[in-house]
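Asker: Numbering-wise, the UniProt record's numbering puts 753 at position 753 of the sequence shown, and it's gapless, one number per residue.
Glycine is no exception: its CB is placed at the ideal position from the N, C-alpha and C atoms.
I have a structure here, written as structure tokens, and I will follow up with some questions on it.
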Amino acid sequence: MPDVGRVRRRVAAMVPESVKDRIRRARGQAPAPRPHAELVVRHDDGRIVYTGEFRDPVRVVALVVRPASRLGQVALRLEQSPDRHFSFVLDPAELWEAGGRAAGRFDLFVEVEGSGAQRTELRLGRFDRTDTAAAMDRIDLVGASSPFGEEVHAWSHVTDQGNVSVRYALEPIRRFEVEGRRLEVGPRGISADFDLKTFSRPVREMHLALVWRFSGTTQEIPVTVEPRDATAAYGLHEYRISFDVQPDAVDDEEREGVIDPHLVLDLDGFDLPVRVPFAQKSFARTRLRDLPVPTRGGGHVDQWVPYLTFRAKRLAFWSERFTVANHAYLRRLVRWAWLLAPIRPFSGIWLVGEVPYKAQDNGFALFRWIRTNQPRRRAYYVIDADSPDRAKVEPFGNVVTARSRDHIRYTVLASRFVGSHHAEYLHASRSTTLARHAQGLRVFLQHGVTGMKNVRLNYGRLHMQEMPPDRAVVNSAAEKQIFIEDLDYFPSQVKVTGFARYDTLFAGEPTVRRRLLVMPTWRDWLSSRESVLQSAYLAHWTEFLNDPQIQRLRREGVEILMVMHPNLRAVVDELHLEGITIAPRDADVQELIRTSAALVTDYSSVAWDAAFLRRPVFFFRFDDAVLTGARTPFIDAATELPGPIAHRATDLAAEVARSADGDFVMDEQYARRAAKYLELPPTGYCERNYEMVRTADGLSTRLLRLRNRRGVRDAFLRFRAGPHYYRVMGWMFRLGSLLPRRDVVVFESDRGNAYGGSPRALFERLHERGTPLELWYVNNSTLRVPPGTNKVFRLTPRYFWTLSRARYWVFNQNVHDLCKRPRGTYYLQTWHGTPLKRMQNDVPVMHGRAEDYHRKAQELVERWSALVSPSEYATAAFRSAFGFTGPIIESGYPGNDVFHTEEGRRRARETRLRLGLAEDRTVVLYAPTFRDDGRAAGAKGAWAHDMALDLGRFAERLGSDVTLLVRLHPLVKFTWPKDLDASIVNVSKYPDTQDLLLVADALITDYSSIMFDYAQRQRPIISYVYDLEHYRDELRGFYVDLEEIAPGPVVRTSDEVIDAVANLSDLETRYADRLAAFRERFGSLEDGHASDRVIDAVFTEAERGTPPA
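Okay, structure coming up:
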């Protein structure tokens, strides 16, 4: 199946820009041409000067400046006498003050009048000629900073559409786009031909750089650059770039590793060079073949195998070193390897190993057992010639040196590749020309329990770059569930045999030394020596090891032994660690765990080994938000990790010291957590693994291999992302709708992005009460649902099929457009809050929505069978807003039951642990709603968010005692600064808002329904309504007067918010009566039993086989 996207890009690359502009205008993606002649933008003594002219009959009368996030507001207006020529001088300092000292973008408009004297506004930009060359330098502002404490400067900016703006930020936008015709790698070198857009910032100089990871060695190669005329492209900068290069010979001392090619730009406005990677999606045609590069000594060849990184699909190279003779043998063999294919099933050759420099893990354990107990088995261990572990393997025989002739030949002949990492580590080369002939079955032994990190892109069956394994070994049913649900494996591929090395782990009673083992894992973004030395990673671990409490333990006889990741050893000479022992490179990690009293790590799976031995384990997660923010781990750290979690070095040191003073005894709660991931008896691990490998082949395995082929997986992913997917899903849904109903209930919260609200409460309560119905929860995260229930990812084929057959749907948002309620299906809409702001039919003009919004929304409402309401007030609002004429179950909100139960107290404790909230800190939740005018009418995508609360000021005044949790609305997009104060925590992705309300000592909100839920906690509620009149009179309006019914203070400025939070105890007393009246009026039914009332009304009849009418 052809890659439609790549074909489209190839065609687009040949289309002239003028034709592209006409196409964009026809599709409504770009403004129509305007009578613009010339625009010159220049900086003059701290001011921005705009001069230019329009063609007749246009006359310019004013320059209007509006904040990009709130285009309905005017920040500044400069006037002139009507004339087709214009000249405006804008003072950035004045605009900074007029715009409320808000960082971000301000868009410029010109007010013009035509021949009829009728005035209109035009966006300033897209002139025939636009000169911004004299407007590249920054303009400094006295005392200007963002809410997060960043220094702010003014910058002239040109948007992607060619319109002029002013940006307030630390630096200009770092944006570039590559649109290429070809990228080729092969025996003749590396060549490419592409266009580079840097938008509003010009490039001063550029070159190609080949960078060896970790060693930092760099080859710089010149490129050919042809700049386009920016004045004729609305001030946007574009360059035609080409190169055709052969890398220089490599030093003999340079080890095998990964090489990253970058285009390095000296970009105007930035102090440091900007690196542009080569992403596959940017090129219409890519051809990637092996590139042989000689070494300087002449005795070896480095084979550079091109590949695409697993996250961003960027070009990189594996560098593999062969002798000249062995490389020639490899090239000869792959030409005739097809002749050896018939021999492979009968060869009986197994290649066993780990990574080529190691023999310490499950691969070596299984190999040792095979050579001892099944010596006739043709199992060979792959290891480097200079590996420190080679001496351990040699006595068992059948050792194959990596990259040797035997290794090359066995790669083609092997019937099994059995390793603790990807099977490609056992190949003589990662070259695709060799891989197509390496068709032995792949067995993934793992190197530790999967769960603490999200490895979907590394080991997910559909997403990994390598060929997926045919069998995967796990340690428990819980871990098998992770492989099936989150890594997309088929149940038959995953075997609970335990890890081969556990025969040794549990052997005998080792002598335990009073030793603390420290084993940090690596961070992928630390790609050079310099980045490691300057990293927070190194600083935090150094701080912990030098902490006074750790040094006290050392003086009292506790040995502190650090096992370093190989990449960290490159900077070991730069570390300043008092009395800390560094384990040798060839140390046996498992034996160190067996003989150590306790372990400190962060995300390493060795934690489970120590926990299984009942050794105390401590987790240091100072960068939790960075490492797990984008990819949620497969297990809930707060409730499933076998040890305490610390986010600060001092807290970790205190935990370790307390355990040491108690002679390092493991807490029973952590021992119970560990037991969940260890189900098998402590013997026979190697034998079970051997039998599984021996019997792995079969017809079902071969059929699965076809589905796992790269081409098949890519074809499915392209289909999944393509235009025909939903059409096919619609056909499938309609087919399922015609079949008899199954006794299935499908629950969904916030379009699959959450596990919370009323659907969660009903799901858990129905499961707790017991029901003959089959329960399914829709969730796109790594959520683990209770045993006996099921999880499905939203918008997958299984999702549509399950919905089409289910007897019940329970949603708190509308179902997908494709899913029309089948006959016999009962659709319970729980909604997601008590309404303050007007909704749907009660808002004649919905800003930021398409023209047919009301019609489509009403069609979705008509699919509901019943609606849950929390109060009489909400029922009236729902009837008015939704025009719903069906039954409304006025029961209170099931999601709020948790505020009245012991379950709520348990969840509050767990939430504090997840977020690292100390018990002695005050916790305040800030949860604003979105603004409808944050997005243009009919536009798609997220709404812009204006962070109106001064977070920097909040942290400055209250950060020593108060933690502010900030939860933005799911519909908005906001760029969080990297240097956010530790007292400000972004919880926008937290799966359940109710959990956050359970830990909050106060709530700050504006017009969100969250205030009605939080009122059940009878804690202070602060209404921060900085734009009350605009929101009430122009955007939405309210069902009640907010100022009249507000349960707490109504404030307009950040300082007023901060003052209110500083006096929470006073607020509790002063507003107690208003809060009580608010709770009585809007939440009198909330008593902890709403879920039972809804279940009795909807599902009780189902237990007898029929849903309510």
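1. Rounded to a whole number of angstroms, what is the C-alpha to C-alpha distance between His767 and Leu775?
2. Is Ser604 buried or exposed, if buried means 16 or more other CB atoms sit within 10 Å of its CB?
3. Out of Thr771, Ala927, Val728 and Ser983, point me to the one whose CA is closest to Phe921's CA.
4. In chain order, what residues of the same chain have a beta carbon less than 6 angstroms from the beta carbon of Val898, not counting five sequence neighbours either side?
5. Three or more C-beta pairs closer than 8 angstroms, one from the segment 269-280 and one from the segment 178-196: is that the case here?
6. Using the C-alpha atoms, what's the distance from Met464 back to Gly711?
7. Buried or exposed: where does Pro681 fall if 16 or more other Cβ atoms within 10 Å of its Cβ makes it buried?
8. What's the C-alpha gap between Phe1012 and Arg807?
9. I think Val245 touches Gly189, with their Cβ atoms under 8 angstroms apart; what is that distance to the nearest whole Å?
10. Nearest to Ala657 by alpha carbon, out of Met692, Asp588 and Arg552?
11. Does the segment 641-654 touch the segment 666-677, meaning 3 or more C-beta pairs lie closer than 8 angstroms?
12. Taking the DSSP output, what are the residues bridged to His854?
13. Alpha carbon to alpha carbon, what distance is there between Thr789 and Leu339?
14. Which whole-angstrom value is the C-beta distance of Val868 and Phe882, which I expect to be below 8 angstroms?
15. Using the C-alpha atoms, what's the distance from Val494 back to Val250?
16. Using 10 angstroms around the beta-carbon of His576, count the other beta-carbons present and answer buried if the total reaches 16, otherwise exposed.
17. I'd like to know whether the C-beta atoms of Tyr755 and Asn779 end up nearer to each other than 8 angstroms.
18. So, under 8 angstroms CB-CB, Arg501 and Ala365 are touching, yes? Tell me the CB distance rounded to an integer number of Å.
19. Taking buried to mean at least 16 other C-beta atoms within 10 Å of its own C-beta, is Leu738 buried or exposed?
20. Compare the Cα-Cα distances from Phe1082 to each of Arg907, Thr875 and Asn362 and report the closest residue.
21. Could you tell me if Thr1100 is buried or exposed, where buried requires 16 or more neighbouring beta carbons within 10 angstroms of its beta carbon?
22. If you check the beta carbons only, do Leu958 and Ala1015 fall under 8 angstroms apart?
23. Quick one: what does DSSP say Pro644 is sitting in, helix, strand or coil?
24. Grab the span of the beta strand (DSSP E) containing Met464 for me, first residue to last.
25. Can you give me the C-alpha to C-alpha distance between Gln374 and Trp350, rounded to a whole angstrom?
26. Which residue from Val418, Leu413 and Ile370 puts its Cα closest to that of Gly397?
27. In angstroms, rounded to a whole number, what distance separates the CA positions of Ile343 and Tyr690?
28. Let's see if you can read the secondary structure: which residues bound the beta strand (DSSP E) around Arg204?
29. So Thr929 packs on Ser1008, CB below 8 angstroms; how close in whole Å?
30. Using a Cβ cut-off of 8 angstroms (strictly closer), state whether Phe199 contacts chain B.
31. Quick one: is Phe86 buried, meaning 16 or more other Cβ sit within 10 Å of its Cβ, or exposed?
32. Would you tell me roughly how many angstroms separate the C-alpha atoms of Ala385 and Val418, rounded to the nearest one?
33. Are three or more beta carbon pairs between the segment 207-223 and the segment 256-270 nearer than 8 angstroms?
34. Three or more beta-carbon pairs under 8 angstroms between the segment 36-50 and the segment 89-98, yes or no?
35. What's the gap between the Cα of Leu308 and the Cα of Val203?
36. Assess, as a yes-or-no matter, whether the segment 155-172 is touched by the segment 182-202 under the definition of 3 or more beta carbon pairs within less than 8 angstroms.
Answerer: From the atom records:
1. Straight-line measurement puts the Cα of Leu775 at about 8 angstroms from the Cα of His767.
2. By the 10 Å Cβ count, Ser604 comes out buried.
3. The identity of residue 921 in the sequence shown is Arg, whereas the question assumes Phe. Ranking Thr771, Ala927, Val728 and Ser983 by Cα distance to Arg921 puts Ser983 first.
4. Excluding sequence neighbours, Val898 sits near Gly904 and Gln994.
5. With the cut-off at 8 angstroms, the segment 269-280 and the segment 178-196 touch.
6. The C-alpha of Met464 is placed about 12 angstroms away from the C-alpha of Gly711.
7. The residue is exposed, with fewer than 16 neighbouring Cβ atoms inside 10 Å.
8. Taking the straight line from one Cα to the other gives about 32 angstroms.
9. The C-beta separation of Val245 from Gly189 comes to about 5 angstroms, placing the pair in contact by the 8 angstroms criterion.
10. The shortest Cα separation from Ala657 among Met692, Asp588 and Arg552 belongs to Arg552.
11. The segment 666-677 vs the segment 641-654: in contact.
12. In the DSSP assignment, His854 forms no beta bridge with any residue.
13. Going by the C-alpha atoms only, they are around 51 angstroms apart.
14. Val868 to Phe882, Cβ: 13 angstroms. No contact.
15. In a straight line, the C-alpha of Val250 is about 42 angstroms away from that of Val494.
16. Under this definition His576 is an exposed residue.
17. Cβ distance < 8 angstroms, so Tyr755 and Asn779 count as in contact.
18. About 4 angstroms separates the two Cβ atoms, so the contact holds.
19. Burial call: exposed.
20. Relative to the Cα of Phe1082, the nearest Cα in the group Arg907, Thr875 and Asn362 belongs to Thr875.
21. It counts as exposed.
22. Taking 8 angstroms as the Cβ cut-off, Leu958 and Ala1015 do not qualify as a contacting pair.
23. Pro644 falls in the coil class under three-state DSSP.
24. Unbroken run through Met464: none, as it is neither H nor E.
25. For Gln374 and Trp350, the distance between alpha carbons rounds to 12 angstroms.
26. For Gly397, the closest C-alpha among the options Val418, Leu413 and Ile370 is that of Ile370.
27. Whole-angstrom Cα-Cα distance: 22 angstroms.
28. Its beta strand (DSSP E) spans residues Val203 to Trp212.
29. Indeed, because the Cβ distance is near 4 angstroms, the residues count as touching under 8 angstroms.
30. Going by chain labels, chain B is absent from the structure shown, which holds only one protein chain.
31. Buried, since its Cβ has 16 or more Cβ neighbours within 10 Å.
32. Taking the straight line from one Cα to the other gives about 20 angstroms.
33. With a cut-off of 8 angstroms, the segment 256-270 and the segment 207-223 count as touching, because enough Cβ pairs lie within range.
34. With the cut-off at 8 angstroms, the segment 36-50 and the segment 89-98 touch.
35. Their backbone Cα atoms lie some 27 angstroms apart in a straight line.
36. Touching, yes.
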